[in-house]
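Numbering (our numbering), first residue to last: 914 to 1485.
Just so you know, even glycine gets a beta-carbon here, dropped at the ideal spot from N, CA and C.
Working notes, structure below.
The following block contains the structure:
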């Protein structure tokens, strides 16, 4: 690579292989970039997280081979895209130092270096301090051998290969150099705000929150106020990085909000806390809420946590609501006790019910985290989930994503090891097996396949019709000229659309429990998936007719909109 004083550095968020219209900036990389910038090492950020384009074409288009150091943050889903980019860069620029980090790289760091010669080093767990040591080493006249013959010789990288928290390929090719773990950053308030810009292939939609209490749309900002979580859920990738929970002071959280208001010229009035578990310390959560309220009483916020913590700190919730708490992303996961045991949630189904009742009684909205199916799911497990959703009032809950979810076996998680032993297989560390192909019971496999077919055929149409119908209802409430009976019928039709996926799932489960007689019926008008579609609306029509009628009334009210546009739900 030669002697450098300030290496050209790039950080890349590779594609996960599909588009996500709710995309946000990769905050982990933003923290590392800001940390390096503070120490005099600027870098360039590239975010391809939702790109569906070929990884090599992206690398070429954005010239990733012009950098001296390229760091990739990788998850299971994005690993192959990262390797494709890294190989392309190495072929064109062998002296470039390729660094991988993130949950997946941390979990299989030795495997990566053994299998992929294009990767020079893996940074494990947190990346700020290790990356700073790396680029400082490069900037301090330390030559780096990246496994290539440069100018006829092999450089000595001994100045870098001892950095804590990193894994290298040994310079002589004999094994790996796995350095001792680096201590976690003890004081998160010493890390600069994640003020880094990314070149994005598709751009970032404005982040908003519709505040139903105040009746208006707010500009929103994502803030991470803590790191990690002290719990041991078997499916959670946080375990890969480590369970050392640390939090930031309330004053710094407020300062970050004010910083980005000034930086972007946007009056952010809702904060989405992206913490793995914001409510580990209820006292500290209350301090943050009160600090935000004191800074600006118009600011609202939301966060994610576990059900048992809601119950343990019930006395804090009313005050949090007074300070602007609008909704909690609640990790319920399942209503089946055997599934909860496999997921190591260490709660009983009745705890889920109690937490939901408490939040509903307080008028705090719930954002639902749910895992409908896992490889060992039985039909009674699905029945327990559906009964919970119905009895807890989630038939009106949108989006409907929670009814289609299946457990993902991320590398480095205990649940992946559990199923590897149960199935008697060795999962390839590079692969993320499809969660929809691992079901043990054929009846659950068929149930899942049929439900996914319903989703593919109907869910987008339901979403679009719901969005238009709810906007039309809002306009009617504000004085539309549509007749009153049209308003009442539209209300019932919108509710029916909300319920439609749940009702289909119930009828599918009943058919599965009976051995799929309706799905298996051949000939006539009564068999196949269409036989399970519920009749809906005020006059019990086919789902297709209900969707078309809702859209027609919305057009009459002047609220036809493009497919995929957002409805006025708080989290949209």
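The continuous beta strand (DSSP E) containing residue 1012 extends over residues 1010-1014. Less than 8 Å divides the Cβ of residue 927 from the Cβ of residue 995. For residue 984, the enclosing beta strand (DSSP E) begins and ends at 982-986. At a Cβ-Cβ threshold of 8 Å, residue 1224 and residue 1257 do not count as neighbours. With fewer than 16 neighbouring CB atoms inside 10 Å of its own CB, residue 931 falls in the exposed class. For residue 1049, the closest alpha carbon among the candidates 1130, 1462, 920 is that of 920.
The C-beta distance from residue 1411 to residue 1445 rounds to 18 Å, too long to meet the 8 Å contact threshold. Annotation for residue 1282: 1217, 1242, 1243, 1244, 1245, 1246, 1315 place their beta carbon closer than 8 Å to its own, counting only its chain and skipping 5 residues before and after. Bridge partners of residue 1112 according to DSSP: 959. In this model, residue 1423 and residue 1370 are separated by some 21 Å (Cα to Cα). Distance between residue 1013 and residue 1045, taken at the CA atoms: about 14 Å. The alpha helix (DSSP H) runs of length 4 or more contained entirely in the stretch 1134-1219 are, from start to end of the chain, 1151-1154, 1163-1177, 1195-1208.
Fully contained in the stretch 1405-1477 is no beta strand (DSSP E) run of length 3 or more. Taking the C-beta atoms as reference points, residue 1364 is found nearer than 8 Å to residue 1418. Contact between residue 1003 and residue 1097 does not hold, since the beta-carbon distance rounds to 31 Å and is not under 8 Å. If you draw a straight line from the Cα of residue 1198 to the Cα of residue 1188, it comes to about 11 Å.
With respect to the C-alpha of residue 1112, the residue from 963, 1462, 1290 having the closest C-alpha is 963. Closest by C-alpha distance to residue 1135, out of 1124, 1181, 1386, is 1181. Where residue 1279 is concerned, the enclosing beta strand (DSSP E) starts and stops at 1278-1283. Nearest C-alpha to residue 1457 among 1443, 1194, 1470: 1443. The beta carbon of residue 940 sits closer than 8 Å to those of 1107, 1135, 1137, 1187, all from its chain and outside the five residues before and after it, given in chain order. Around residue 1024, the same chain offers 1342 as residues with beta carbons nearer than 6 Å, after the five sequence neighbours per side are excluded. The three-state secondary structure of residue 1363, taken from DSSP, is helix. In the DSSP assignment, residue 969 falls within the alpha helix (DSSP H) that extends over 968-974. Shown here, residue 1384 sits in a helix according to DSSP, grouped into three states.
Collapsing the DSSP output to three states places residue 1098 in coil. If you keep only unbroken alpha helix (DSSP H) runs of at least 4 residues inside the stretch 1312-1380, you get 1327-1336, 1355-1367. Look at residue 1048 here: in three-state DSSP terms it is helix. Collapsing the DSSP output to three states places residue 1289 in coil.
DSSP, read as helix, strand or coil, puts residue 1038 in coil. Contact between residue 1195 and residue 1226 holds, with the beta-carbon distance rounding to 4 Å and staying under 8 Å. A check of alpha carbon separations from residue 1301 across 1332, 1452, 1248 identifies 1248 as the nearest. When secondary structure is reduced to three states using DSSP, residue 1089 falls in the strand class. Residue environment for residue 1381: buried (at least 16 other C-beta atoms within 10 angstroms of its C-beta). In the displayed model, residue 945 falls within a helix according to three-state DSSP. In this structure, residue 1291 sits away from residue 1384, with a CB-CB distance that is not shorter than 8 Å.
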